[in-house]
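As they're listed, the protein sequences go chains A and B.
Each step along the first sequence adds one to the number in this note's numbering, with nothing skipped, and position 266 is 266.
Add 1000 to the 1-based position in the second sequence for this note's numbering, that's all there is to it.
Even for Gly, the Cβ is constructed at its ideal location relative to N, Cα and C.
Note that this is a predicted model, so its numbers are computed, not measured.
Protein chains: 2
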Amino acid sequence: MSWEDKVRKVVPYTPGEQPDRKNMIKLNTNECPYTPAPQVERALKEMGGEQLRLYPDPSCAVLVDALADYYGLKSSEVFVGVGSDDVLAMIFMTFFNGKEPVLFPDITYSFYDVWAELLKIPYEQIPLDDDFHMVKEDYLGGKDGKGRRNGGIIFPNPNAPTGVLVDLSFIEDIVRANPDVIVVADEAYIDFGGESALPLIHKYDNLLVVQTFSKSRAMAGMRIGYAMGNEKLIKYLNDVKFSFNSYTMNRPALAAGVEAVRADDYFKEIVKKIVTTRERVKAELKKLGFEFQDSMSNFIFATHPKLDMTKLFEELRKEDIYVRHFNSDRIRNYLRITIGTDEEMDILLEFLKDYIK
Amino acid sequence: MSWEDKVRKVVPYTPGEQPDRKNMIKLNTNECPYTPAPQVERALKEMGGEQLRLYPDPSCAVLVDALADYYGLKSSEVFVGVGSDDVLAMIFMTFFNGKEPVLFPDITYSFYDVWAELLKIPYEQIPLDDDFHMVKEDYLGGKDGKGRRNGGIIFPNPNAPTGVLVDLSFIEDIVRANPDVIVVADEAYIDFGGESALPLIHKYDNLLVVQTFSKSRAMAGMRIGYAMGNEKLIKYLNDVKFSFNSYTMNRPALAAGVEAVRADDYFKEIVKKIVTTRERVKAELKKLGFEFQDSMSNFIFATHPKLDMTKLFEELRKEDIYVRHFNSDRIRNYLRITIGTDEEMDILLEFLKDYIK
């Protein structure tokens, strides 16, 4: 026996690379191409040493209250964490403790199976159809012979890396069919054109909606995510959080987060710009022969019948244009391209035009 | 069956209260009474929106490198997290997966048993002796009939809330006697007068040393902790971290943390001031009849043969003087008093003089 026998051995999640090169075009980790609202920066400038020496409020009240106010919820219906990854890890730990497998799509956020492996949670990856759409019947519970018995359900909406959106009735059917487990709508990209499942949390006590400041709120560097659900769910989540790390959110994140929530006009403006750019890029890519589902996120997941996307990925890298390639079955010949500024996308499109010729 | 049957139900850790009152004297959560180095504040002022919109470096290289450089280690021997609580939670999750109980003192950091309960790790709380000292033999492994078979060992040094320090040979004996498990020296308060076990990490591959920026580095509000150990241990720890939340440290924490490490003269100066104040307060408290072990931390854990400390705690509160009281067996008649500024301690001492009269 050695101490190594007692180690929890895992194959960790591989985050997208974070190159830091001058003049690079970084379209690989779905960041926002615009800076956060000026108030956010100001909040950091006003942070003094007298605040930094003291612990932050472990209940994160200022930020929880700001979010509750923004969404018209009670503060007891909101949970915040260190990015939505922290929030999702807490959700897996808190709610996915059954014997039946947790269900999620085979092509989806590649952290789900990592959390399940880490926490020894049984899981089943349900194949998307050939157009990368979820098949609703697969998720309708096991009671009446349809779907699968399960210990919980999680999916991003829109899905990543496909960009495919499902509508509210699709989600409601799943939530309703699975009253004995928690269903998580992971809405990291919902602001770019989807309809949030948030209104359903008052109708169903088994739904959690998770969002993040990293994409539409332009604050990936600050690590803020949040979950919304009925207060019983949020209470259980907080109990586990307070059993893991009570002081997760540092003072800069709390102060800057509040300002970001308040800067609603700015938020809507940058989201609108990204959506406009996305629609233009879709049209241009189509002209070049690229194929993709109709993304409702801040990225496009594209393939091309005549191109080797692994090779294109490498060629783009040589130009300091970074996109994301997943070396996995079914999606090996796809690239996930984040929507950057119009200028950045023009440089990409110009390159592609030349490349295809 | 309902979803509630699958919830991980826990009794969470209760952090010390974080009152925020004008002119309060806050001596209840062992924060530093001095602000962090001016460079730390400056790092936040220089943080622009262009940085905030981008993910931080998940490997936290700038901060890891700064710490490695400071302690003369390789970067592969350093792990950073969101406060030492995050680091310790990761350590419990990564290394304490045996069937034998993890050992720690009965009077100690009250988060240890909470992590064990959360993660379903068997544990045994070993009584300190009547003077609040660890009995070394209890921790010398089970092979030769001495001590207890165990799945790991963790203790703070100096211990909290007692302030009692053990020396390096004490720790080395424990580490040497337990080659098949991980031993964690939780050194949150080591800078206030103790000798770190850090030199032992190159001699033993089963020792982790954990420290924090929250006490001696005056940055409780920033949430930075770190572990140091041989690179195999750090690798395992990083694997689990990357399976839980890849981007834990936000950009402000990384930037400010680096500045704090570099400001070594400032750091040594404030630590010296706190130690000087502590020794003076010890002498004053003794004159007033208080009894306590010789604390080597930034707090004093005191009782008084003629006073009801629960009552004193309440009386202090009325004066906006906050100290910490633990409602637990063996220590119910003690108060943990953080060392504040000289001015703050003078107000406390004046009050106590009057109170005792």
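Quiz item: Any idea what DSSP makes of B:Leu1352, helix, strand or coil?
Solution: B:Leu1352 falls in the helix class under three-state DSSP.
Quiz item: Is there a Cβ from chain B that is less than 9 Å from the Cβ of A:Ala66?
Solution: Closer than 9 Å: no.
Quiz item: In chain order, what residues of the region 112 to 130 of chain A put their CB closer than 8 Å to some CB of chain B?
Solution: The residues in question are Val114, Trp115, Glu117, Leu118.
Quiz prompt | Neighbourhood of A:Ala197 by C-beta, 6 Å cutoff - its chain only, sequence neighbours within 5 removed | solution = Excluding sequence neighbours, A:Ala197 sits near Ile171, Ala185, Val209.
Exercise. Verify the CB distance criterion: does B:Asn1230 have a CB-CB separation below 9 Å to chain A?
Key: No, its Cβ sits nowhere closer than 9 Å to a Cβ of chain A.
Quiz prompt | Positions along the region 258 to 287 of chain A whose CB lies within less than 9 Å of some CB in chain B | solution = Considering only beta carbons, no part of the region 258 to 287 of chain A lies closer than 9 Å to chain B.
Self-check item: Host beta strand (DSSP E) of A:Glu124 (start-end)
Solution: Residues 123 to 126.
Exercise. Can you tell me which of B:Lys1006, B:Asp1239, B:Val1064, B:Glu1195 puts its alpha carbon nearest to the alpha carbon of B:Met1249?
Key: Ranking the options by Cα distance to B:Met1249, first place goes to B:Val1064.
Quiz item: Looking at the C-beta of B:Gln1051, does it have a partner C-beta in chain A at a distance below 9 Å?
Solution: With its beta carbon less than 9 Å from one in chain A, B:Gln1051 belongs to the interface.
Quiz item: From this set, B:Ser1328, B:Met1090, B:Phe1096, B:Arg1317, which residue's C-alpha is nearest B:Ser1246's C-alpha?
Solution: Relative to the Cα of B:Ser1246, the nearest Cα in the group B:Ser1328, B:Met1090, B:Phe1096, B:Arg1317 belongs to B:Met1090.
Exercise. Apply the 10 Å Cβ neighbour rule to B:Glu1031 and answer buried if 16 or more other Cβ atoms are within range, or exposed otherwise.
Key: B:Glu1031 comes out buried.
Exercise. Using beta-carbon positions only, say whether A:Thr162 and A:Ile107 come within less than 9 Å of one another.
Key: Result yes, Cβ atoms of A:Thr162 and A:Ile107 sit closer than 9 Å.
Quiz item: So what does A:Leu227 bridge to, in DSSP terms?
Solution: Just to set this straight, residue 227 of chain A is Ala in the shown sequence, not Leu. In the DSSP assignment, A:Ala227 is bridged to A:Phe79, A:Val210.
Quiz item: Closest Cβ-Cβ distance between B:Leu1044 and chain A: below 9 Å?
Solution: At a cut-off of 9 Å between beta-carbon atoms, B:Leu1044 makes contact with chain A.
Exercise. Report yes or no: do the region 1278 to 1298 of chain B and the region 1050 to 1067 of chain B share at least 3 C-beta pairs separated by less than 8 Å?
Key: Under the three-pair Cβ rule at 8 Å, the region 1278 to 1298 of chain B does not count as touching the region 1050 to 1067 of chain B.
Quiz item: Would the beta-carbon of A:Val210 be found less than 8 Å away from any heavy atom of the ligand FMN?
Solution: What this structure holds is no ligand at all, so the ligand FMN is not there to describe.
Quiz item: What is the DSSP secondary structure of A:Pro199, reduced to helix, strand or coil?
Solution: Per DSSP, reduced to three states, the secondary structure at A:Pro199 is helical.
Quiz item: What residue does the alpha helix (DSSP H) around B:Phe1155 start on, and which one ends it?
Solution: In the DSSP annotation of this structure, B:Phe1155 is not part of any alpha helix (DSSP H); the continuous beta strand (DSSP E) holding it starts and ends at 1153 to 1156.
Exercise. Return the residues of the region 1001 to 1016 of chain B that lie within a Cβ-Cβ distance of less than 7 Å from chain A, sorted by chain order.
Key: Within the region 1001 to 1016 of chain B, those residues whose Cβ lies closer than 7 Å to any Cβ of chain A are, in chain order, Met1001, Ser1002, Trp1003, Lys1006, Val1007, Arg1008, Val1010, Pro1012, Tyr1013, Pro1015.
Quiz item: So, helix, strand or coil for B:Ile1337, using DSSP?
Solution: In the three-state reduction of the DSSP assignment, B:Ile1337 falls in the strand class.
Quiz item: Does any C-beta atom of chain A lie closer than 9 Å to the C-beta of B:Tyr1139?
Solution: B:Tyr1139 does not count as touching chain A.
Quiz item: Can you give the Cα-Cα distance for A:Arg317 and A:Val323, rounded to whole angstroms?
Solution: So the alpha carbons of these two residues sit roughly 8 Å apart.
Quiz item: Once you ignore the five residues that flank A:Leu288 on each side, which residues in its own chain have a CB closer than 6 Å to its CB?
Solution: So the list reads Leu352, Ile356, once near-sequence residues are dropped.
Quiz item: For A:Gly48, which residues in chain B fall below 7 Å Cβ to Cβ?
Solution: Annotation: Cβ neighbours of A:Gly48 in chain B (cutoff 7 Å, chain order): Glu1041.
Exercise. Check whether the region 1102 to 1119 of chain B touches the region 1151 to 1165 of chain B, taking contact to mean three or more Cβ pairs, one atom from each stretch, closer than 8 Å.
Key: Remark: three or more beta-carbon pairs, one from each stretch, lie closer than 8 Å, so the region 1102 to 1119 of chain B and the region 1151 to 1165 of chain B are flagged as touching.
Exercise. Would you decide whether B:Tyr1070 is buried or exposed? Buried here means 16 or more other CB atoms lie within 10 Å of its CB.
Key: Looking at its Cβ environment, which holds fewer than 16 other Cβ atoms inside 10 Å, B:Tyr1070 is exposed.
Quiz item: What span of residues does the alpha helix (DSSP H) with A:Ile274 cover, start to end?
Solution: Here the alpha helix (DSSP H) through A:Ile274 covers 264 to 287.
Quiz item: Hey, does A:Met134 have any beta-carbon neighbour from chain B nearer than 9 Å?
Solution: Not one beta carbon of chain B lies nearer than 9 Å to the beta carbon of A:Met134.
Quiz item: When DSSP builds the beta bridges, which residues end up paired with A:Glu344?
Solution: Looking at the DSSP assignment, A:Glu344 forms no beta bridge with any residue, so it has no partner.
Quiz prompt | Given A:Leu254 as reference, the closest of A:Gly16, A:Ile25, A:Val40, A:Ile174 once Cα atoms are compared | solution = Minimum Cα-Cα distance from A:Leu254 among the listed residues A:Gly16, A:Ile25, A:Val40, A:Ile174 corresponds to A:Val40.
Quiz item: Within 9 Å (strictly less), CB to CB, does B:Ile1182 reach chain A?
Solution: Against chain A, the CB of B:Ile1182 has a partner CB under 9 Å away; the residue lies at that interface.
Self-check item: Whether B:Asp1086 touches A:Pro12 by CB criterion (9 Å)
Solution: B:Asp1086 is not a Cβ neighbour of A:Pro12, given a cutoff of 9 Å.
Quiz item: Terminal residues of the continuous alpha helix (DSSP H) containing A:Ile300?
Solution: Here A:Ile300 belongs to no alpha helix (DSSP H); instead the beta strand (DSSP E) covers 299 to 303.
Self-check item: Meets three-Cβ-pair contact criterion under 8 Å: the region 1210 to 1218 of chain B and the region 1171 to 1181 of chain B
Solution: Between the region 1210 to 1218 of chain B and the region 1171 to 1181 of chain B, the count of Cβ pairs shorter than 8 Å is below three; the stretches do not touch.
Practice problem: Could you check how far apart the C-beta atoms of A:Phe132 and A:Val164 are, in whole angstroms? I think they sit under 8 Å. | Solution: Indeed, because the Cβ distance is near 5 Å, the residues count as touching under 8 Å.
Quiz item: Of all the options B:Leu1054, B:Pro1015, B:Ile1025, which has the alpha carbon lying nearest to the alpha carbon of A:Met24?
Solution: Of the candidates B:Leu1054, B:Pro1015, B:Ile1025, the one whose C-alpha sits nearest the C-alpha of A:Met24 is B:Leu1054.
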